[in-house]
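One structure is given here, and the rest of the page talks about it.
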Amino acid sequence: MALVMERPKLPGAKPTRFFAPDQIRKRAREWRPGGIDTRFSAAWSGFAPMLDRCLKVIEGRGGAAVKQIYLDTLNGRVPPNQGHILSLTT
1 MALVMERPKL PGAKPTRFFA PDQIRKRARE WRPGGIDTRF SAAWSGFAPM LDRCLKVIEG
61 RGGAAVKQIY LDTLNGRVPP NQGHILSLTT
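Position one of the sequence shown corresponds to residue 1 (my numbering), numbered consecutively onward.
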């Protein structure tokens, strides 16, 4: 006999599924041609100047570098303020 447990009902609004590509298509229809680009550019221009203070970009080349960063990421050894740009070519 299988035991089936019901989830408790949560108060508030009913949860809905969020899928970014669907949301982008919805906004593109609402905002008409160029609307996404205009809003993205405005948001990015306020965000981009802060990146140097909060993100360290590290480049790596070759299979060994890609493997090492992959393993470090899996094992939680890559700090959240690091962004790795990797290439298999040396």
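Idealized CB from N, CA, C, for every residue including glycine.
Because the structure is a prediction, the values reported are computed rather than measured.
Which residue marks the beginning of the alpha helix (DSSP H) containing residue i, and which one marks its end?
i	result
G63	G63 to L74
G35	G35 to F47
L51	L51 to C54
Between residue i and residue j, how many whole angstroms is the CB-CB distance? I'm expecting something under 8 angstroms.
i	j	result
A65	L86	6 angstroms
L55	G83	5 angstroms
Ends of the beta strand (DSSP E) at residue i?
i	result
G83	Q82 to S87
Residue j and residue i - do their beta-carbons sit closer together than 8 angstroms?
i	j	result
V78	I69	yes
R61	T16	no
I36	A28	yes
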